[in-house]
Amino acid sequence: MSRVLVAMSGGVDSSVAAALLVDAGHEVVGVTMKTFCYSGTPAHSKTCCGLDGIMDAKRVADALGIPHYVFDVEEDFTRDVIDDFVSEYAQGRTPNPCVNCNSNTKFKDLLTRGRALGCDQIASGHYVRVEHAPEGSSLLRGLDPDKDQSYFLWAMPRSLLPKLLFPVGELTKSAVRAHARDLALITADKPESQEICFVPSGNYRDLLEKRLSPVHPALQPGPIVRRNGEVVGEHSGYASFTVGQRKGLRGGFPEPMFVLQIRPHTREVVVGNRDELFEDVVDIGGLNWLAEPPTVGDRVNAQLRYRAAAVPAVVTRIDESLTLELAEPQLAVSPGQSAVLFDDRERVLGGGRIVSASTRALV
Amino acid sequence: MQPVYLDYAATTPMRSEVREAMDPYLSDTFGNPSSRHRWGRKASAALEHARAVAAEALGAQPREIFFTRGGTESDNLAVLGRCRAISLEDGLPTLAISAVEHHAVYDTARWAEERGELRLVVLAVDTEGSIDLDPLRVALNDGPTVVSVMWVNNETGLFLPVPEIATLVEELGGTLHTDAVQAIGKVPVSTKHSGIRLLSATAHKIYGPRGTGLLFVREGTDVAPLLYGGGQEGALRPGTEDVAGAVGFATALRLAVEEQAEESVRLGALRDAFEDRVLAQIEGVRINAGAARRSPSISSLGIDRAEGELLLNALDLEGVATSGGSACASGSNAASHVISALFGPDDAKATVRFSFGRHSSEADVSRAVAVLADVVGRVRELEGVS
């Protein structure tokens, strides 16, 4: 059997992934990627990793009888994930840092370092499936619809697919936990991680204030306007807003108001009522394909947010970027979020970042 | 295949003589040496016997040996304790350390300097093991000075000229501490030079138990304790004594000193064979401090075009256990202060330390060289790709 490198975060999913690979007879090497230090001070650099799950991963690896190493990817992670996150908010968009991290930092690094460790294949605890066929490998949604993580993996290079194994993608979360309990793994009942890992407080504004200049426009007050240009209030920096957001807009409106658009050049946050939030034409840039790219007229299913259902759509234009017309208008299509395209059998075709959205009536 | 342990500078397996010597004090003879009853008297006698054995092995008086809980503690006690004793009497002391000291001295010194406890002078060291003595002379002439220079560097095996420095320090009237943790059993170590006033040693590097060290304190040298709470170890290191640890350490120390001459020749031959083959089979490798006088048990390699952490992981996967620089700093990608001090801050080579010991054999050397050649090739291929 081959030597497999498995990325172990210290959570239950990757613990079980490693256990399943051991069961299958692979020679398994566990690795935890040290992405950043929570405290940020060198004096704490050894203890902070405990929070990161490194110690849990080590204990699980020991219980499974496999070696475990730490890959320090802090520099790459800071550049590719945190800097990008900050820059996207600074430009009035809503980033998906987990897409960058999973697609690029993690798997690319695992593959190159794995090769040096003599590993032929790379595995993780993501809830996705990969199908290896003679004509090529495909990425598919995980079998558990509540846990599917294919939304985060569209941006990886297609050439990685043949090297990947996702043992828990074939299972439901409850089956994974049950298996972990059967094996008495210490991570069996560990809670899910939900927050963005480098914003443990959940307040990303603090991070932006730390990493952007205090005079950056994204952090300066600006006008809250209606689509027609009418000024209806003032905000304390557009970086605190996301399309679709209701919270944080000061009251005094006769009906609930939502953020429709952010205009970084004028620092305007455009608001409107719920009806104005629906859009059905979406432009997507920064494309990446994990299958043959679609052509104009193709029908696809587009997922526009993590945990949102995919909607049927038609590709109406494609070159460096593409345009989709959605069968049903969608609420709060946010520039910066990923748009992931699937075929009818839940195979990931590829995706991109949402550049803008509009409604057909206005096209 | 059986994995090969070539990390004796990190720690060593306990030898059977040591385990046997310790055994009674882990079971029947368990008393507290401070107790007046027979259990206590037995324990106290064993402790004092151990002190005498350790003293003899180092050419010291038993009353000059203070058991501690390890090398790091001995280093801290020597450096901070001596500086604090001076500042009580004579004002702010200067601490002069070599640039290649172990973290137990290096970090302690920096911390104390930041807190305003002392003035710190760091003495440059070159790859020949020569140390810049001019700033040391200035400091010694200026006022009360504590000097801390290790006997053998833990990362490279480099010898530092401790006797020469001892003479200078004695002439100009300072206190010399030497960290002899990596030197004992590898080179002749003695406290006989009267310029050496403080010396640190630890048991687990010489096939003794983890968690027992000692500090030699020459009579008449005032050291302030770091801990308070009892009169044990002359109140310099209070706390109920680890009798078994002291007995084990004394046994290990006696054996290490007895066997040193012969074992050093054997280890030196293994190390030379290893290095000859590495240089013949793998291009782009530097033997760190290779031309200098150094410990026969350590071979520190500087490897071009390779990432250190990955190299160590790959070696481990193929069954060869080593460290980068020192085992203590592994897990961090930061360049070691020792390699930076010797080769400049821009030295981009990956450091791998092979260290040999009692159970190392010719076969281990062959295996290590073959695996290293293979792994270096793989890691370098990757550098080309990315």
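Taken in order, these protein sequences are the chains called A and B. Going by my numbering, the first residue of the first sequence is number 952, and it counts up by one from there. Going by my numbering, the first residue of the second sequence is number 1249, and it counts up by one from there. Using N, Cα and C, we set each Cβ at its ideal position, and we do this for glycine too. If you're wondering where the values come from, they're calculated on a predicted model, not measured in any experiment.
Query raised in the report: Which value, in whole angstroms, describes the spacing of the CA atoms of E1268 (chain B) and W1287 (chain B)?
Result: Locating residue 1268 (chain B) in the second sequence gives position 20, where the first residue counts as 1. Locating residue 1287 (chain B) in the second sequence gives position 39, where the first residue counts as 1. One C-alpha to the other measures close to 19 angstroms.
Query raised in the report: Looking only at DSSP bridge pairs, what is K1198 (chain A) linked to?
Result: To locate residue 1198 (chain A), count along the first sequence from 1; it is residue 247. The partner list for K1198 (chain A) (beta bridge, DSSP) is empty, contrary to what the question assumes.
Query raised in the report: Which residues bound the alpha helix (DSSP H) around D1034 (chain A)?
Result: Translated into positions along the first sequence, residue 1034 (chain A) becomes position 83. Here the alpha helix (DSSP H) through D1034 (chain A) covers D1034 to A1041.
Query raised in the report: What is the rounded straight-line gap between the Cα of E1557 (chain B) and the Cα of D1622 (chain B)?
Result: In the second sequence, the residue the question calls residue 1557 (chain B) occupies position 309. In the second sequence, the residue the question calls residue 1622 (chain B) occupies position 374. Roughly 16 angstroms between the two C-alpha positions.
**Report entry** Stretch pair the stretch 1486-1498 of chain B + the stretch 1580-1600 of chain B: three plus CB contacts closer than 8 angstroms
**Finding:** no
Report task. Kindly list, in the order they appear in chain B, the residues whose Cβ is closer than 8 angstroms to that of V980 (chain A). Result -> Here residue 980 (chain A) refers to the residue found at position 29 when the first sequence is read from its first residue. The answer, in chain order, is L1565.
Report task. Output the distance between the C-alpha atoms of G1248 (chain A) and L1275 (chain A), rounded to the nearest integer angstrom. Result -> For the purposes of this step, residue 1248 (chain A) is taken as residue 297 along the first sequence, with counting starting at 1. For the purposes of this step, residue 1275 (chain A) is taken as residue 324 along the first sequence, with counting starting at 1. Those two C-alpha atoms are separated by around 10 angstroms.
Query raised in the report: Is the Cβ-Cβ distance between A1352 (chain B) and A1494 (chain B) less than 9 angstroms?
Result: Indexing the second sequence from 1 puts residue 1352 (chain B) at position 104. Indexing the second sequence from 1 puts residue 1494 (chain B) at position 246. Not in contact: A1352 (chain B) and A1494 (chain B) (Cβ atoms no closer than 9 angstroms).
**Report entry** Inter-residue Cα distance where the pair is F1315 (chain B) and A1126 (chain A)
**Finding:** Reading the second sequence from its first residue, position 67 is the one you call residue 1315 (chain B). Reading the first sequence from its first residue, position 175 is the one you call residue 1126 (chain A). Cα-Cα distance, rounded: 55 angstroms.
Query raised in the report: Does DSSP put W1240 (chain A) in a helix, a strand or coil?
Result: One-based indexing of the first sequence puts residue 1240 (chain A) at position 289. If DSSP states are grouped into helix, strand and coil, W1240 (chain A) belongs with the strands.
Query raised in the report: DSSP on R1485 (chain B), reduced to helix/strand/coil?
Result: Looking up residue 1485 (chain B) in the second sequence gives position 237. Assignment of R1485 (chain B) by DSSP, reduced to helix, strand and coil, places it in the coil class.
Report task. Flag R1066 (chain A) as yes if its beta-carbon sits less than 9 angstroms from any beta-carbon of chain B, otherwise no. Result -> Position 115 of the first sequence, counting from 1, holds the residue named residue 1066 (chain A). True, the Cβ-Cβ gap to chain B drops below 9 angstroms.
Query raised in the report: Alpha carbon to alpha carbon, what distance is there between L1241 (chain A) and K1059 (chain A)?
Result: Against the first sequence, residue 1059 (chain A) aligns to sequence position 108. Against the first sequence, residue 1241 (chain A) aligns to sequence position 290. About 15 angstroms.
Query raised in the report: What is the rounded straight-line gap between the Cα of T998 (chain A) and the Cα of V1252 (chain B)?
Result: Residue numbering aside, residue 998 (chain A) sits at position 47 when the first sequence is read from its first letter. Residue numbering aside, residue 1252 (chain B) sits at position 4 when the second sequence is read from its first letter. At T998 (chain A) the pLDDT is 40, less than 50, meaning the model places this residue with poor confidence and gives no usable figure here.
Requested in this report: For the beta strand (DSSP E) holding K985 (chain A), just list the boundary residues, first then last.
Outcome: Reading the first sequence from its first residue, position 34 is the one you call residue 985 (chain A). E978 to K985 is the span of the beta strand (DSSP E), which, as asked, contains K985 (chain A).
Report task. Check the C-beta distance from V1316 (chain A) over to L1068 (chain A) and give it rounded, since I have them as a contact under 8 angstroms. Result -> Since the first residue shown for chain A is 952 and the last is 1314, residue 1316 (chain A) is missing from the structure and cannot be characterised.
Requested in this report: Would you please verify whether the beta carbon of E1629 (chain B) is less than 9 angstroms from any beta carbon of chain A?
Outcome: The residue you call residue 1629 (chain B) lines up with position 381 of the second sequence. True, the Cβ-Cβ gap to chain A drops below 9 angstroms.
Query - Run of the beta strand (DSSP E) containing L1282 (chain A), from where it starts to where it stops - result: Your numbering for residue 1282 (chain A) matches position 331 in the first sequence. L1273 to L1282 is the extent of the beta strand (DSSP E) around L1282 (chain A).
Requested in this report: Determine which residues of the stretch 1021-1032 of chain A have a Cβ less than 7 angstroms from any Cβ of chain B, and write them out in chain order.
Outcome: V1021 and D1023
Report task. Give the secondary structure of T1310 (chain A) by DSSP, where H, G and I count as helix, E and B as strand, and everything else as coil. Result -> Numbered from its first residue, the first sequence carries residue 1310 (chain A) at position 359. Coil.
Query raised in the report: Is it right to say H1452 (chain B) is buried, meaning 16 or more other beta carbons lie within 10 angstroms of its own, or is it exposed?
Result: Working through the second sequence from its first residue, we reach residue 1452 (chain B) at position 204. Answer is buried; the Cβ neighbour count reaches 16.
Requested in this report: Determine the chain A residues that contact E1403 (chain B) at a beta-carbon separation under 8 angstroms, and present them in chain order.
Outcome: Sequence index remark: in the second sequence, residue 1403 (chain B) carries index 155 (1-based). Chain A residues near E1403 (chain B): none, gap ~19 angstroms exceeds 8 angstroms.
Query raised in the report: What runs of the beta strand (DSSP E), each 3 residues or longer, lie entirely inside the stretch 1389-1413 of chain B?
Result: Every beta strand (DSSP E) of 3 residues or more that sits fully in the stretch 1389-1413 of chain B is shown, in chain order, as 1393-1396.
Report task. Rounded to whole angstroms, what's the CA-CA distance from K1124 (chain A) to M959 (chain A)? Just pull it up for me. Result -> Working through the first sequence from its first residue, we reach residue 1124 (chain A) at position 173. Working through the first sequence from its first residue, we reach residue 959 (chain A) at position 8. Their Cα atoms are separated by approximately 17 angstroms.
Query raised in the report: G1287 (chain A) and W1105 (chain A): beta carbons closer than 9 angstroms?
Result: Counted from its first residue, the first sequence places residue 1287 (chain A) at position 336. Counted from its first residue, the first sequence places residue 1105 (chain A) at position 154. Contact: no.
Query raised in the report: Among A:L1115, A:V1032 and A:V1183, which residue has its Cα nearest to the Cα of R1072 (chain A)?
Result: Numbered from 1 along the first sequence, position 121 holds the residue referred to as residue 1072 (chain A). In the sequence under discussion, the amino acid at residue 1072 (chain A) is Gln, which differs from the Arg named in the question. If we check each option's Cα against that of Q1072 (chain A), A:L1115 comes out closest.
**Report entry** Cut-off 7 angstroms between Cβ atoms - residues of its own chain near M1270 (chain B), not counting five sequence neighbours on either side
**Finding:** Locating residue 1270 (chain B) in the second sequence gives position 22, where the first residue counts as 1. Excluding positions up to five away in sequence, the list reads P1457, A1492, V1495 and G1496.
**Report entry** Residue(s) in a DSSP beta bridge with D1255 (chain B)
**Finding:** As a first step, residue 1255 (chain B) must be located in the second sequence, where it is residue number 7. Paired residues: B:S1603.
Query raised in the report: From D1031 (chain A) to D1380 (chain B), what does the alpha carbon distance come to, in whole angstroms?
Result: By 1-based counting over the first sequence, the position of residue 1031 (chain A) is 80. By 1-based counting over the second sequence, the position of residue 1380 (chain B) is 132. Cα to Cα, the separation comes out at about 44 angstroms.
Requested in this report: Would you please verify whether the beta carbon of P1018 (chain A) is less than 9 angstroms from any beta carbon of chain B?
Outcome: Here the question's residue 1018 (chain A) lines up with position 67 in the first sequence. Yes, its Cβ sits closer than 9 angstroms to a Cβ of chain B.
Requested in this report: Measure how close the beta-carbons of V1397 (chain B) and S1346 (chain B) come, nearest whole angstrom, since I'm counting them as under 8 angstroms.
Outcome: The residue labelled residue 1397 (chain B) in the question sits at position 149 within the second sequence. The residue labelled residue 1346 (chain B) in the question sits at position 98 within the second sequence. With a Cβ gap of about 5 angstroms, V1397 (chain B) and S1346 (chain B) count as contacting.
Query - the stretch 1420-1439 of chain B contacting the stretch 1276-1283 of chain B, beta-carbon criterion three pairs below 8 angstroms - result: no
Requested in this report: Using a cut-off of 7 angstroms between C-beta atoms, extract the partners of L1558 (chain B) located in chain A.
Outcome: Walking along the second sequence from the start, residue 1558 (chain B) turns up at place 310. Those are R1064 and A1067, listed as they occur along chain A.
Query raised in the report: If we ignore side chains and look at the alpha-carbon of each, how far apart do G1516 (chain B) and A1509 (chain B) end up?
Result: For this step, residue 1516 (chain B) is matched to residue 268 along the second sequence. For this step, residue 1509 (chain B) is matched to residue 261 along the second sequence. Each residue's alpha carbon lies about 11 angstroms from the other.
Query raised in the report: How many angstroms separate the CA atom of S1378 (chain B) from the CA atom of A1008 (chain A)?
Result: In the second sequence, the residue the question calls residue 1378 (chain B) occupies position 130. In the first sequence, the residue the question calls residue 1008 (chain A) occupies position 57. Distance between the alpha carbons of S1378 (chain B) and A1008 (chain A): 45 angstroms.
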